[in-house]
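Enquirer:
In the working numbering, the protein residues as written are 21 to 550.
(1) Between 72, 115, 147 and 170, which has its C-alpha nearest residue 46's C-alpha?
(2) Given that a residue counts as buried once 16 or more other Cβ atoms are within 10 Å of its Cβ, and exposed if not, what is residue 266?
(3) Give, in chain order, every unbroken run of the alpha helix (DSSP H) that is at least 4 residues long and sits entirely within the stretch 452-508.
(4) Taking 8 Å as the cut-off, does the stretch 386-393 touch the stretch 518-537 (at least 3 CB pairs, one atom from each stretch)?
(5) So, residue 159 versus residue 145, is the Cβ gap smaller than 7 Å?
(6) Going by alpha carbons, who is nearest to residue 505 out of 240, 481 and 167?
(7) Suppose you measure from the CA of residue 517 to the CA of residue 201; what does that come to, to the nearest Å?
(8) At the level of alpha carbons, what is the spacing between residue 366 and residue 218?
(9) Tell me, to the nearest whole angstrom, how far the beta carbon of residue 63 is from that of residue 140; I am working on the premise that it is less than 8 Å.
(10) I think residue 509 touches residue 393, with their Cβ atoms under 8 Å apart; what is that distance to the nearest whole Å?
(11) Drop a sphere of 10 angstroms on the beta-carbon of residue 362, count the other beta-carbons inside from all chains shown, and report buried for 16 or more, exposed for fewer.
(12) Determine the burial state of residue 542: buried for a count of at least 16 other Cβ atoms within 10 Å of its Cβ, exposed for fewer.
(13) Please state whether DSSP places residue 149 in a helix, a strand or coil.
(14) Going by CA-CA distance only, name the one from 249, 222 and 475 that's closest to residue 433.
(15) Please report the distance separating the alpha-carbon of residue 128 from that of residue 196.
(16) From what residue to what residue does the alpha helix (DSSP H) around residue 194 run?
(17) So, with DSSP's three-state summary, where would you put residue 31?
(18) What would DSSP say about residue 218, mapped onto helix, strand or coil?
(19) Compare the beta carbon distance of residue 177 and residue 343 with 7 Å and say whether it is the shorter of the two.
(20) In the DSSP assignment, the alpha helix (DSSP H) including residue 285 goes from what residue to what residue?
(21) State yes or no: is the C-beta of residue 513 within less than 7 Å of the C-beta of residue 334?
(22) Does the distance between the C-beta of residue 272 and the nearest non-hydrogen atom of the ligand GTP fall short of 6 Å?
(23) Please report the distance separating the alpha-carbon of residue 23 from that of residue 259.
(24) Identify which residue in 426, 297, 110 and 192 has its Cα closest to the Cα of residue 147.
(25) Could you give the distance in angstroms between the alpha-carbon of residue 37 and the alpha-carbon of residue 81?
(26) Give the DSSP-derived three-state secondary structure of residue 183 in the structure shown.
(27) Inspect the CB distances between the stretch 462-478 and the stretch 435-452 and report whether three or more fall short of 8 Å.
(28) Would DSSP call residue 162 helix, strand or coil?
(29) What does the Cβ neighbour count give for residue 535, buried or exposed, with the cut at 16 atoms within 10 Å?
(30) Exposed or buried, what is residue 119 when buried is set at 16 or more other beta-carbons lying within 10 Å of its beta-carbon?
(31) Using beta-carbon positions only, say whether residue 413 and residue 356 come within less than 7 Å of one another.
(32) Under 7 Å between the Cβ atoms of residue 225 and residue 279?
(33) DSSP three-state call for residue 545: helix, strand or coil?
(34) The alpha helix (DSSP H) that contains residue 419, what's its start and end?
(35) What does residue 189 pair with, by DSSP beta-bridge criteria?
(36) With a threshold of 16 other CB atoms inside 10 Å of the CB of residue 183, please say whether the residue is buried or exposed.
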């Protein structure tokens, strides 16, 4: 997809790119609502459940930079089509999986395909659009990212309720085939004109660094951040030491990252190809933009981890109702796309990024202040709509800003780096907000139950926190424990508010960090000449 192609074909290509992005974003969230049905059907263990959820994210995050670089070499459209093909085939395998092991293997393959698709879509947009058209194109892309993350639970809840959990994966197949067919006709190939080798050692070190870091952030709370969590994944005694493996894993991640950076600097110094050109970080927009992208993801996506649990455990929503409540977020995110065309005449992408983060901050802060055990859906929907508007603006324009000054032949590498920064931010956000949520829940519930004997109090706190609040409805339904259940609901609400305030704090930091960004060198209002 190149700037010189017809306008109609270029925008049709953007539609195809949007469908491809939708596939991989929905799949990151749809599986969460499918887990109970998968457990009932396949009888998977708790360990298998964990890996069904996490294997996709882990593989996806680890491979982004490597595949972004590969796309620059072999062609970005080619990488997109290979990725969609792998993802579609893996979705078929997931839908037909006879057991947990087969499903985990399919999820790993989906992660491989997804890691090809995301950087390819960004670099194709970066190569194919300029000026105000580029701002609008990234707005569409960013709104899809934010909106489909919210649509995933709703779509999954409907498919599981009406059909089967297998259709949560099977629905990817027809859309994947549509992308494969239409991409040939609507997207022109784009690749780097420089003929360079592939940095295999850098790829291995980069995959290890990103994979270890994301794995550590995902498992840290379950393992224990410093000492072994006695009710977590290591509670069966297989780990012989009191010190958790988390610090060791984090040290290995830092060592791999250090080795990766030293290796890349050495290759760059002698003029050889690199997986990540470190000189890109001399670009203020790229360096500071990636930092802002990571902090924004840290604040915004962690909240999507907390809210569905609160709605189901405290307000009594089922999975489908919780998904419906998130629709307003998707509506706001998609509406932001329509706003960008008008805003781009009066604001730079940096200005729209700041506006988006500010709207996210307002939505999260007000939601945290007004959460209660009887909060009405109108308030939730209203604040999630504001939050969604912010996500739509921020997600699109942070990508626009990061790639604005990057040479087109490096856009795949830069896209992979930006995607990795966002994935690390997302994993860190879930880790931090999860720790705040469950840590506050335990402390607050213990304080509220001070009148109970210590052993009973400890038992209730353990049951509620270990179940992530899922035991609250059952406690409320039993007359003998109804009072305790109501108190637990109050504590979970308090903990959710603190998690929202934490997310708001990160978004405030992101807003402050965005003040260091400046408009890109190219004209941000000039239209593309056909």
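Quick reminder that beta carbons are idealized off the backbone N, C-alpha and C, glycines included.
Expert: With the structure as the only source:
(1) Along the chain shown, read from residue 1 onward, the residue named residue 46 stands at position 26. With distances taken between CA atoms, residue 46 lies nearest to 170 out of 72, 115, 147 and 170.
(2) Position 246 of the chain shown, counted from the first residue, corresponds to residue 266. By the 10 Å Cβ count, residue 266 comes out buried.
(3) 474-486 and 492-497
(4) yes
(5) Indexing the chain shown from 1 puts residue 159 at position 139. Indexing the chain shown from 1 puts residue 145 at position 125. For residue 159 and residue 145, no; Cβs fall outside 7 Å.
(6) Position 485 of the chain shown, counting from 1, holds the residue named residue 505. Selected option, being the one with the closest Cα: 481.
(7) Here residue 517 corresponds to residue number 497 of the chain shown, with the count starting at 1. Here residue 201 corresponds to residue number 181 of the chain shown, with the count starting at 1. If I take the Cα positions, the gap works out to 46 Å.
(8) In the chain shown, residue 366 corresponds to position 346, counting from 1. In the chain shown, residue 218 corresponds to position 198, counting from 1. Roughly 42 Å separates the two Cα atoms.
(9) For this step, residue 63 is matched to residue 43 along the chain shown. For this step, residue 140 is matched to residue 120 along the chain shown. No, residue 63 and residue 140 are not in contact; Cβ-Cβ is about 38 Å, not under 8 Å.
(10) Numbered from 1 along the chain shown, position 489 holds the residue referred to as residue 509. Numbered from 1 along the chain shown, position 373 holds the residue referred to as residue 393. Going by Cβ atoms, the distance from residue 509 to residue 393 rounds to 5 Å, so yes, they are a contact pair.
(11) The residue you call residue 362 lines up with position 342 of the chain shown. So residue 362 counts as exposed.
(12) Here residue 542 refers to the residue found at position 522 when the chain shown is read from its first residue. Confidence at residue 542 is low in this model, with a pLDDT of 45, below 50, so the placement of that residue is unreliable and no value is reported for it.
(13) Translated into positions along the chain shown, residue 149 becomes position 129. Coil at residue 149, not helix or strand.
(14) Taking the first residue of the chain shown as 1, we reach residue 433 at position 413. Looking at the Cα atoms, 222 is the closest of the given residues.
(15) Locating residue 128 in the chain shown gives position 108, counting from the first residue. Locating residue 196 in the chain shown gives position 176, counting from the first residue. Spanning the alpha carbons of residue 128 and residue 196 requires a straight line of approximately 17 Å.
(16) Reading the chain shown from its first residue, position 174 is the one you call residue 194. Per DSSP, residue 194 belongs to the alpha helix (DSSP H) from 192-206.
(17) Numbered from its first residue, the chain shown carries residue 31 at position 11. Three-state result, residue 31: helix.
(18) One-based indexing of the chain shown puts residue 218 at position 198. Coil at residue 218, not helix or strand.
(19) Within the chain shown, residue 177 is the residue found at index 157, counting from 1. Within the chain shown, residue 343 is the residue found at index 323, counting from 1. Yes, these two residues count as a Cβ contact at 7 Å.
(20) Here residue 285 refers to the residue found at position 265 when the chain shown is read from its first residue. Start and end: 266-289.
(21) As a position in the chain shown, residue 513 is number 493, starting the count at 1. As a position in the chain shown, residue 334 is number 314, starting the count at 1. Their beta carbons are under 7 Å apart, which means residue 513 touches residue 334 by this criterion.
(22) Of the ligands one can find in the structure shown there are none, so the ligand GTP has no counterpart to examine.
(23) Indexing the chain shown from 1 puts residue 23 at position 3. Indexing the chain shown from 1 puts residue 259 at position 239. Residue confidence is low: residue 23 scores 48 on pLDDT, short of 50, so the model does not pin down where it sits. No coordinate-derived value is stated.
(24) In the chain shown, residue 147 corresponds to position 127, counting from 1. Comparing Cα-Cα distances from residue 147 to each of 426, 297, 110 and 192, the minimum goes to 426.
(25) Locating residue 37 in the chain shown gives position 17, where the first residue counts as 1. Locating residue 81 in the chain shown gives position 61, where the first residue counts as 1. Whole-angstrom Cα-Cα distance: 20 Å.
(26) Here residue 183 refers to the residue found at position 163 when the chain shown is read from its first residue. Looking at residue 183 - three-state DSSP - the assignment turns out to be coil, as it is neither helix nor strand.
(27) no
(28) As a working mapping, residue 162 is identified with position 142 in the chain shown. In the structure shown, residue 162 sits in a helix (DSSP, three-state: H, G or I).
(29) Within the chain shown, the letter at position 515 stands for residue 535. So residue 535 counts as exposed.
(30) The residue you call residue 119 lines up with position 99 of the chain shown. It is exposed - the Cβ of residue 119 has fewer than 16 other Cβ atoms within 10 Å.
(31) To locate residue 413, count along the chain shown from 1; it is residue 393. To locate residue 356, count along the chain shown from 1; it is residue 336. Closer than 7 Å, so yes.
(32) Position 205 of the chain shown, counted from the start, is the residue given in the question as residue 225. Position 259 of the chain shown, counted from the start, is the residue given in the question as residue 279. Against a cut-off of 7 Å, the Cβ pair of residue 279 and residue 225 comes out as a contact.
(33) As a first step, residue 545 is located in the chain shown; it is residue number 525 there, counting from the start. Its pLDDT being 40, under 50, residue 545 is placed unreliably in this model, and the value from its coordinates should be taken loosely. Residue 545 falls in the coil class under three-state DSSP.
(34) Here the question's residue 419 lines up with position 399 in the chain shown. According to the DSSP assignment, residue 419 belongs to the alpha helix (DSSP H) that extends over 397-423.
(35) Position 169 of the chain shown holds residue 189. According to DSSP, residue 189 bridges with nothing at all.
(36) Residue 183 sits at position 163 when you count from the first residue of the chain shown. Answer is exposed; the Cβ neighbour count stays below 16.
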